[in-house]
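The structure under discussion appears below in the form of structure tokens.
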Amino acid sequence: MPYIEVRGNSIRVKWWSGEYKLGADGNPTKKKRYESASGPEPGVTFQDTNEAYTYGLDRESDVRNKRNRRMAGDPMNMAVYIDRWFKDTDLRANSNKTNASRLNAVIKPYWAQWDVEEITPLEYDTFRNYVTGKYSENYSKNILGLFKMLMDDAVVKYKLREESPIVEQHRRGRYKRKQTRRVKRKLSIQSVHQLAVNAHTLWGFTGWAYIWTVAFTGTRPPGEMFGLQRGYSSPYWPASEPDDEVREEAEQRYEAMHAMRVQYQTYVADKQHVLAAPKYDSWRTLVMPPFLHEMHEALLASHEKPWTFLSVTGKPLLGTDFDRDYWYPMRDGAEKRDSGPRYARWARPAMPAVPEMAGQDIYRLRHWHKAKLDEPGDIPRVAVEARMGHELPGVEGVYSEVTVGMEERIGEYLQRVWEKEVVGAGLWTPLFPMPLPDGLHDAAPSLFSGLPVLEYE
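Residue numbers for the sequence shown, in the working numbering: 239 to 695.
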């Protein structure tokens, strides 16, 4: 039962918090821990002992019915809380980098002068309107989703609030259609070809092969494309597979096909280049149509580096500003450029813009690949999703399996697309590069980069 203390004009009520005090060994003792209050809310005192007693009964009822949520202590500033929350997160390096950018660019500056418990639903609505009015739909969705995680953890994990300021309610007011995905403009194979031509102008045969690899394998750029190593490319794999069990199985399965292995992506973590598992741990094998295998074969014969795709200067792509120096000129076109001072730049002819790709990022080619696989209508969904690095949900995913026949069908179909829509349409294709002279190096080219591999449990 609550206990009332009256001292002069002050009335205080105490009640059992449902917890026990801890001993020196850190274990609970038999001594109960009590909480107290001098009024129903800060700055307001109890009018009489009956009000105080009733207040104590309510708190004990909350304890019995597990509705009580003990506050963590003094109010915490949002900036301090954000730093603590970020430090406690256990995510991969790329996710940490993305979250840090969103927190420091938007959330932290906006709420820096607020305490966590001060944020009300009205203040959140103002913040939401600010974000959606200033940023793109996709970025706004990510910012608001991250803020929701902050508030949910403030309630459940850190106990800095009684409830979240984000109110989930049914639709009210004027109807507004929800946009569930980005609006995709038509993207023809002629536009993909023009991107590849621009890439060849800018980057040589490497650029030509890079664009067609994304478009005909759906490999995720930039991480999985940058991280494709010689030993996992179709001219070498599966014979070069380091894992004996995987190699034995793959050599039997892909005896009559060419295939590349998506084993790693590469990015920067703790200021060093590393290898890591693909997004969502989506390790997969991609059957290569013969034309693309021949491109990779010619490309790898022209250099001895462990990476399949190199920069213009022959270095790893991870060290480049890919969007600025490669993608934007390929997509938006560029004027003719004369050579500059030594080591500064080289001459380059003009490149036309690709209107159907205006404002798009290179990931659009991965979406194009998915649509191309859906187009004939006879490629099973499980094979398409597996090629994209996705898992089918529910019972369908449990009982479905990608067979050799499905993979053969994909390879044959993509080869026909190339022969009919590119070669058959008379679109320009470049000559293959000259291979390196025999005997140029005593040792065989390195199959793998030797970068450290980030392991996640």
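Here a beta-carbon is modelled for each residue, glycine too, at the ideal position from N, C-alpha and C. The structure presented is a predicted model; accordingly, all values stated were derived computationally and were not measured.
Contact defined as beta carbons within less than 8 Å: I believe L329 pairs with A507. What is the distance between those atoms, to the nearest angstrom? The residue given as residue 329 occupies position 91 in the sequence shown. The residue given as residue 507 occupies position 269 in the sequence shown. Not a contact, Cβ separation roughly 12 Å.
Backbone CA spacing between D686 and Y319 [nearest angstrom]: Here the question's residue 686 lines up with position 448 in the sequence shown. Here the question's residue 319 lines up with position 81 in the sequence shown. It is Phe, not Asp, that sits at residue 686 in the sequence shown. So the alpha carbons of these two residues sit roughly 43 Å apart.
May I have the straight-line CA-CA distance separating H431 from Q598, to the nearest angstrom? As a working mapping, residue 431 is identified with position 193 in the sequence shown. As a working mapping, residue 598 is identified with position 360 in the sequence shown. So the alpha carbons of these two residues sit roughly 16 Å apart.
Tell whether a beta-carbon distance below 7 Å holds between A447 and L538. Taking the sequence shown and counting its residues from 1, one reaches residue 447 at position 209. Taking the sequence shown and counting its residues from 1, one reaches residue 538 at position 300. No, they are not a contact pair.
Residues bridged to D328 [DSSP beta-bridge criterion]: Numbered from 1 along the sequence shown, position 90 holds the residue referred to as residue 328. Answer is none; D328 lacks a bridge partner.
If you compare alpha carbons, which of Y377, P359, L440 is closest to E401? Reading the sequence shown from its first residue, position 163 is the one you call residue 401. Answer by Cα proximity: P359.
Unbroken alpha helix (DSSP H) runs of length 4 or more, entirely within the region 484-571: which are they? As far as the region 484-571 is concerned, its whole alpha helix (DSSP H) runs of at least 4 residues are 528-539, 566-570.
Identify the residues that DSSP records as bridge partners of V282: which are they? As a first step, residue 282 must be located in the sequence shown, where it is residue number 44. Beta bridge pairing from DSSP links V282 with E279.
Reduced DSSP category for E479 - H, G, I as helix; E, B as strand; rest coil: As a working note, residue 479 is residue 241 in the sequence shown. The answer is coil: DSSP assigns E479 none of H, G, I, E or B.
Cβ neighbour criterion (16 or more within 10 Å) applied to L260: One-based indexing of the sequence shown puts residue 260 at position 22. Flag for L260 reads exposed.
Is the region 446-465 touching the region 491-508 in the sense that three or more CB pairs, one from each, lie closer than 8 Å? Touching, per the Cβ criterion.
Give me the Cα-Cα distance between Y241 and D353, rounded to the nearest whole angstrom. Residue numbering aside, residue 241 sits at position 3 when the sequence shown is read from its first letter. Residue numbering aside, residue 353 sits at position 115 when the sequence shown is read from its first letter. Spanning the two alpha carbons is a distance of roughly 32 Å.
Considering only C-alpha positions, which residue in the set I648, H496, W666 is nearest to H209? Here the chain has residues from 239 to 695 only, and residue 209 is not among them.
Helix, strand or coil for I242? Go by DSSP, reduced to three states. On the sequence shown, position 4 is the one that residue 242 refers to. The three-state reading of DSSP puts I242 in strand, counting E and B together.
T451 classed as buried or exposed, judged by whether at least 16 other C-beta atoms fall within 10 angstroms: Looking up residue 451 in the sequence shown gives position 213. Its Cβ being crowded by 16 or more others within 10 Å, T451 is buried.
Residue range of the beta strand (DSSP E) that L260 falls in? Counting from 1 along the sequence shown, the entry for residue 260 is found at position 22. In the DSSP assignment, L260 falls within the beta strand (DSSP E) that extends over 248-260.
Residues of its chain near A331, where Cβ-Cβ distance is below 6 Å and the 5 sequence neighbours each way are ignored: Working through the sequence shown from its first residue, we reach residue 331 at position 93. Counting only residues of its own chain and dropping the five nearest sequence neighbours on each side, A331 has a CB closer than 6 Å to the CB of A507.
Enumerate in chain order the residues of its own chain whose CB-to-CB distance from E645 is below 6 Å, with the five nearest sequence positions on each side excluded. Locating residue 645 in the sequence shown gives position 407, counting from the first residue. V525.
Hey, would you say P683 sits closer than 7 Å to S540, going by beta carbons? As a working note, residue 683 is residue 445 in the sequence shown. As a working note, residue 540 is residue 302 in the sequence shown. The Cβ atoms of P683 and S540 do not sit closer than 7 Å to each other.
For the alpha helix (DSSP H) that contains K232, what are its first and last residues? A query on residue 232 cannot be resolved here, the shown segment of the chain reaching from 239 to 695 and no further.
Shortest alpha-carbon distance to K386 belongs to which of K658, G371, D326, R366? To locate residue 386, count along the sequence shown from 1; it is residue 148. Taking K386 as reference, the option from K658, G371, D326, R366 with the minimal CA-CA separation is R366.
As assigned by DSSP and simplified to three states, the class of P359: Here residue 359 is taken as the residue at index 121 of the sequence shown, counted from 1. Collapsing the DSSP output to three states places P359 in a helix.
Cα-Cα separation between N303 and Y293, rounded to whole angstroms: What you label residue 303 is simply residue 65 of the sequence shown in a count that begins at 1. What you label residue 293 is simply residue 55 of the sequence shown in a count that begins at 1. Between N303 and Y293, the C-alpha separation is close to 16 Å.
Should the region 617-636 be called in touch with the region 374-393, which here means at least 3 C-beta pairs below 8 Å? No, the region 617-636 is not in contact with the region 374-393.
Roughly how many whole angstroms lie between the Cα atoms of F547 and M589? Taking the sequence shown and counting its residues from 1, one reaches residue 547 at position 309. Taking the sequence shown and counting its residues from 1, one reaches residue 589 at position 351. A direct Cα-Cα distance of roughly 22 Å separates F547 from M589.
Please report the straight-line C-alpha distance between A591 and L433, rounded to a whole angstrom. Translated into positions along the sequence shown, residue 591 becomes position 353. Translated into positions along the sequence shown, residue 433 becomes position 195. Near 9 Å, if we compare the C-alpha coordinates of L433 and A591.
Would G649 pass as a contact of M495 if the rule is Cβ separation under 7 Å? Here the question's residue 649 lines up with position 411 in the sequence shown. Here the question's residue 495 lines up with position 257 in the sequence shown. Taking 7 Å as the cut-off, the Cβ atoms of G649 and M495 count as close.
How many Å lie between G627 and R340 at the Cα? The sequence position of residue 627 within the sequence shown is 389, counting from 1. The sequence position of residue 340 within the sequence shown is 102, counting from 1. Going from the Cα of G627 to the Cα of R340 covers about 26 Å.
If distances are taken between C-alpha atoms only, which option among I427, A681, K543, D561 comes closest to K658? Counting from 1 along the sequence shown, the entry for residue 658 is found at position 420. I427 is the residue among I427, A681, K543, D561 whose C-alpha sits nearest the C-alpha of K658.
What number of angstroms, rounded off, separates the C-alpha of P690 from the C-alpha of P473? Here residue 690 refers to the residue found at position 452 when the sequence shown is read from its first residue. Here residue 473 refers to the residue found at position 235 when the sequence shown is read from its first residue. In a straight line, the C-alpha of P690 is about 24 Å away from that of P473.
Indicate the three-state DSSP secondary structure (helix, strand or coil) for L599 in the structure shown. The residue labelled residue 599 in the question sits at position 361 within the sequence shown. According to the sequence shown, residue 599 is Asp rather than Leu. Reduced to three states, the DSSP call for D599 is coil.
Just mark G469 as buried or exposed, buried being the case when its beta carbon has 16 or more other beta carbons within 10 Å. Counting from one through the sequence shown, the residue named residue 469 turns up at place 231. Sixteen is the threshold: when 16 or more other Cβ atoms of the shown chains lie within 10 Å of the Cβ of G469, as they do, the residue is buried.
Ignore the nearest five residues each way along the sequence and tell me which others in V344's own chain have a CB closer than 6 Å to its CB. As a working note, residue 344 is residue 106 in the sequence shown. Annotation for V344: I381 place their beta carbon closer than 6 Å to its own, counting only its chain and skipping 5 residues before and after.
Using the beta-carbon count (16 or more within 10 Å), is S221 buried or exposed? Since the first and last residues shown for the chain are 239 and 695, residue 221 lies out of range.
Buried or exposed by the 16-neighbour rule on C-beta atoms within 10 Å, applied to W521: The residue you call residue 521 lines up with position 283 of the sequence shown. Classification of W521: exposed, given that the 10 Å Cβ count is below 16.
To the nearest angstrom, how far is it from the Cα of Q351 to the Cα of S577? By one-based count along the sequence shown, residue 351 stands at place 113. By one-based count along the sequence shown, residue 577 stands at place 339. Q351 and S577 have their alpha carbons spaced roughly 52 Å apart.
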